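**Student:** Numbers 0 to 582, taken from the numbering used here, label the letters of the sequence shown in order.
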Amino acid sequence: MSRVYRHNGLDETLMIPSGKLAAATDQFDNLDKHTQWGIDFLERYAKFVKERLDIEQNYAKQLRNLVKKYCPKRSKDEEPRFTSCLSFYSILNELNDYAGQREVVAEEMAHKVYGELMRYSQDLKAERKHHLQEGRKAQQYLDHSWKQMDNSKRKFERECKEAEKSQINFDRLDNDINATKSEVEKAKAQLYLRTHMADESKNEYAAQLQNFNAEQWKHFNNAIPHIFKNLQDMDERRTVKLGETYRSFAEAERRVIPIVSKCLEGMVSAAKAVDERRDASIVVESFKSGFDPPGDFPFEDFSQNLSRTGSDGTISGTPKGEREREGAPGPRPDPKHMSRTKNKLWLFGKKPKAPSLEDFSHLPPEQRRKRLQQRIDELSKELQKEMDQRDALNKMKDVYEKNPQMGDPSSLQPKISETICNMEKLRSEIHKNETWLSEVEGKQSSRGDRRHSADNHHHTPQGRESPEGSYTEDTSQEHHTPHRRPGPPQPGNPNPDPHEFDDEFDDDDPLPVIGHCKALYSFDGQNEGTLVMAEDEVLYIIEEDKGDGWTRARKQGGEEGYVPTSYVEITLEKNSKGAVTYI
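Next up, the structure:
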């Protein structure tokens with residue numbers, strides 16, 4: 000944009016740099032927007048890191064809660080010793096360590112990435128604000144110089160126009176013959192005044208223009224390039240910081256890889272440590288009862304009281320000729336002794352009365368031995384503690400006696416007496432449990448000796464060992480096969496004493512058999528006191544239905560209970576009162 004002014008025959012051209020100013024302003028605005036976008040992008044990445052570390056923290060917390068949920072809450076003595084369980088607990092420990100490494104990753108990201116980004120973002124904002132303020136100040140100063148120059152230019156323009164008007168008015172009056180001399184002199188003075196003012200405006204405008212051009216050169220060659228360079232450096236440093244935080248983000252994950260790998264290797268090692276044979280042996284050792292297998296049940300001949308005729312010679316299941324050769328049947332086993340023999344098989348039959356729990360006599364022999372040994376060990380540890388406490392008190396008493404100022408020796412005597420009393424109680428408990436343990440080990444040794452003796456003399460058996468060490472009186476069971484039903488004892492075979500080892504059992508005699516029944520339907524027997532039975536199963540009747548719809552029965556295995564009367568077909572013995580049979 001240019002404008003030509005004429006003054007005293009001189010042409011002067013004044014250039015107004017409006018295009019350059021607009022371009023500079025546009026570039027400054029573009030840098031303002033770009034630097035703001037850079038800070039926004041940095042803060043967006045910081046927000047991403049924050050959400051990522053929150054995920055890591057929540058993940059680690061959930062893993063720890065999961066480990067805590069499935070970790071055993073029992074004491075170490077009650078912990079299972081199976082390799083599968085131990086391996087699972089090892090995996091839980093490794094998983095807990097793995098959760099700790101996820102927490103380390105979250106802490107690294109929070110400290111070295113997110114925290115660093117947020118601090119750097121605040122620094123960037125402050126630096127950007129400073130540079131933009133400097134640019135605005137430089138722009139405002141240049142605008143102010145331009146306005147001063149523009150005002151002086153406009154003033155110079157106005158003065159030149161007024162001088163031109165005075166020149167025209169003077170020329171008109173000077174050529175007018177009718178104009179008076181005073182009017183010509185006045186017009187001449189006015190022209191001189193306007194010309195002088197125009198010259199002053201010209202000088203002022205020239206000075207302002209020179210000043211503006213100098214400021215404009217400084218602005219576009221020094222100030223603005225310096226500010227733009229600072230903004231460029233700031234943006235480059237922002238980019239470098241982003242690259243560093245990207246690397247730190249990855250390094251936080253890579254640092255824990257070795258430990259995470261060890262955790263995973265530990266899990267694999269725990270999986271390889273699972274040993275099915277060892278677990279099976281632990282189960283066998285834990286539940287080994289020490290009982291011998293139950294003896295065979297004797298054959299009970301319910302046909303002994305039936306009259307035999309010449310035509311009915313095989314009612315007992317033995318050929319008539321064979322019975323004549325064998326002679327009269329052998330003596331019937333003592334019902335009382337048979338009832339005691341049955342009660343001894345309580346593991347698979349009728350359970351005896353619950354004994355006292357103090358000596359663990361309610362447990363199988365092997366389990367009872369383990370529990371007694373465990374209690375003896377615990378009592379021995381307590382006794383050792385009491386002995387240590389007694390020795391410590393005696394030493395303290397000796398110190399007090401030698402140095403009375405430290406304490407009164409007699410004040411320790413009650414505590415010493417109490418400790419000695421506790422020691423005596425513990426010794427008594429240990430002796431009592433050792434007695435029970437000796438009894439159990441003696442019985443187990445006795446059973447082992449009897450089993451060894453029976454193996455060496457199986458050709459002439461005198462009885463059969465029961466699960467608890469006693470013998471039954473049926474000797475014919477030692478040689479029968481599973482497909483042949485044994486007959487009654489031979490007359491020539493000696494019978495053992497029917498009351499042998501009776502002093503070991505104090506159970507009441509079972510009810511006598513008064514008949515038998517056949518199950519028409521199966522019954523699950525879920526309620527207490529009921530008996531489970533399968534369809535077509537044969538049971539012994541030991542108590543008739545008393546009007547409540549239930550009949551008391553006994554299985555061949557000895558288990559007793561009530562069954563619904565409508566579920567069975569009952570056959571009662573005609574002379575059940577006179578011929579009582581025990582199982």
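Using N, Cα and C, we set each Cβ at its ideal position, and we do this for glycine too. If you're wondering where the values come from, they're calculated on a predicted model, not measured in any experiment.
#1: Can S89 and G265 be called in contact, C-beta distance under 8 Å?
#2: Pick out whichever of D122, Y204, R118 has its Cα sitting closest to the Cα of N150.
#3: Using 8 Å as the threshold, is the region 425 to 439 in touch with the region 364 to 378, meaning 3 or more CB pairs across them?
#4: On the criterion of 16 or more Cβ atoms from any shown chain inside 10 Å, does W36 qualify as buried, or is it exposed?
#5: Which first and last residues belong to the alpha helix (DSSP H) in which V537 is found?
#6: What are the uninterrupted segments assigned as beta strand (DSSP E) that are 3 or more residues long and contained completely in the region 108 to 177, given in chain order?
#7: Thinking C-beta only, is Y539 closer than 8 Å to V562?
#8: Considering only their Cβ atoms, is the gap separating Q166 from L190 smaller than 8 Å?
#9: Assuming D544 and T564 make a contact with CB atoms under 8 Å, what is their CB distance in whole Å?
#10: Below 8 Å between beta carbons: does that hold for A98 and A45?
#11: When the Cβ atoms of the region 180 to 195 are set against those of the region 217 to 232, are three or more pairs found closer than 8 Å?
#12: In terms of residues, what are the limits of the alpha helix (DSSP H) holding K380?
#13: Check the Cβ-Cβ distances between Y58 and every residue of chain B, and say whether any is below 8 Å.
#14: Whose C-alpha, out of D300, W145, F359, is nearest the C-alpha of E433?
#15: For Y566, which residues from the same chain have a beta carbon less than 8 Å from its beta carbon, with the 5 sequence-adjacent residues on both sides left out?
#16: Which residue marks the beginning of the alpha helix (DSSP H) containing E284, and which one marks its end?
#17: Straight-line CA distance for F286 to E275?
#18: With 16 other CB atoms within 10 Å as the buried threshold, where does C420 fall?
#19: Output needed for R389: all residues of its chain with C-beta closer than 6 Å, excluding positions within five of it in sequence on either side, in chain order.
#20: The alpha helix (DSSP H) that contains A213, what's its start and end?
#21: How long is the line joining the alpha carbons of P364 and D278, rounded to whole angstroms?
#22: Residues bridged to H515 by DSSP?
#23: Is the beta carbon of P413 closer than 8 Å to that of E400?
#24: Going by DSSP, what residues sit across from E559 in a beta bridge?
#25: Tell me the DSSP secondary structure of F47 in three-state form.
#26: Return the CA-CA distance between Q215 and K160, expressed in angstroms with no decimal places.
#27: Does the structure place the region 253 to 270 close enough to the region 92 to 107 that three or more beta carbon pairs sit under 8 Å?
#28: Is it buried or exposed, I223, if we count other Cβ atoms within 10 angstroms and call 16 or more buried?
#29: Based on Cα-Cα distance, which residue from F27, V273, F40 lies nearest to S83?
#30: If we count Cβ pairs, one from each stretch, closer than 8 Å, do we get three or more for the region 109 to 124 versus the region 235 to 253?
#31: Between which two residues does the alpha helix (DSSP H) holding M233 run?
#32: So is K396 buried or exposed if we call it buried at 16+ other beta carbons inside 10 Å?
#33: Grab me the residues of A178's own chain with a C-beta within less than 6 Å of its C-beta, minus the 5 sequence neighbours each way, in chain order.
#34: Can you list, in chain order, the residues of its chain with a C-beta nearer than 7 Å to that of L510? Leave out the 5 residues immediately preceding and following it.
#35: Cβ atoms of L41 and L116: under 8 Å apart, would you say?
**Tutor:** So, from the data block:
#1: Pairing S89 with G265 gives a Cβ-Cβ distance under 8 Å.
#2: For N150, the nearest C-alpha among the options comes from Y204.
#3: Touching, yes.
#4: exposed
#5: No alpha helix (DSSP H) holds V537; the beta strand (DSSP E) holding it covers 537 to 542.
#6: none
#7: no
#8: yes
#9: 5 Å
#10: no
#11: no
#12: 364 to 401
#13: Going by chain labels, chain B is absent from the structure shown, which holds only one protein chain.
#14: F359
#15: A518, L519, Y520, F522, M532.
#16: 275 to 286
#17: Taking the straight line from one Cα to the other gives about 17 Å.
#18: exposed
#19: T418
#20: 180 to 217
#21: 22 Å
#22: Y539, T570
#23: no
#24: In the DSSP output, where bridge partners are listed per residue, E559 has R553.
#25: The answer is helix: DSSP assigns F47 an H, G or I state.
#26: 29 Å
#27: yes
#28: buried
#29: V273
#30: yes
#31: 223 to 254
#32: buried
#33: L172
#34: Excluding residues within five positions, the ones whose Cβ falls inside 7 Å are I541, E542.
#35: yes
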